[in-house]
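In what follows, a structure is listed as structure tokens, so that the remarks can point back to it.
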Amino acid sequence: MTGTQIHKVQTTLDNGPFGKVNIRFETGRLAQQASGSVQAFLDDETMVLSATTVSKEPRESFDFFPLTIDVEEKMYALGKIPGSFFRREGRPSEEAILTCRLIDRPLRPAFIKGLRNEVQVVVTVMSL
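Under the working numbering, residues -6 to 121 are what the sequence shown spells out, in order.
See below:
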């Protein structure tokens, strides 16, 4: 793999009575095999990774745009490790499902009409 460039953008937002927050976006550091990835940091405490992959060939059998949004809220982001026999994260919470919908609704119209390639967006909460 060739050397990747790391790009960073940082700004400060004034939330009025809630104070100021620093937001930083980075690309090129994680998920290098994905078609694109972005890390978002909020005050250097919260980190979210979004990675997107796109299939190379369109699916002719689909008469719709196959966009999949997955939001993964890992237990280790909260500092908890599942200690039960199964050690599984389980199914997504209702909040994660609603977050998927909040991402899907404004993102879907941004793609060109008639696109039939499968697109998957995976959003992983890395730390809170």
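From the three backbone atoms N, C-alpha and C, an ideal C-beta is built for every residue, glycine too.
**Request:** Assign Ala103 to buried or exposed, taking buried as 16 or more other Cβ atoms, counted over all protein chains shown, within 10 Å of its Cβ.
**Result:** Taking all protein chains shown into account, Ala103 has fewer than 16 neighbouring C-beta atoms within 10 Å of its C-beta and is therefore exposed.
**Request:** Please state whether DSSP places Asp63 in a helix, a strand or coil.
**Result:** Of the three classes helix, strand and coil, the one that applies to Asp63 here is strand, per DSSP.
**Prompt:** Cβ of Val118 within 9 angstroms of Cβ of Lys67?
**Reply:** Yes, they are a contact pair.
**Beta-carbon proximity list for Asn8, same chain, < 8 angstroms, skipping 5 on both sides** = Once the five neighbours on either side are set aside, the close Cβ partners of Asn8 are Val14.
**Request:** Classify Ala103 as helix, strand or coil using the three-state DSSP reduction.
**Result:** In this structure, Ala103 counts as helix in the three-state DSSP scheme.
**Request:** Any chance you could list the beta strand (DSSP E) runs of at least 3 consecutive residues sitting entirely within the segment 3 to 55, in chain order?
**Result:** Unbroken beta strand (DSSP E) runs of no fewer than 3 residues, entirely contained in the segment 3 to 55, are found at 13 to 20, 29 to 35 and 39 to 47, following chain order.
**Item:** Given 8 angstroms, three or more beta-carbon pairs between the segment 12 to 31 and the segment 40 to 50
**Value:** With the cut-off at 8 angstroms, the segment 12 to 31 and the segment 40 to 50 touch.
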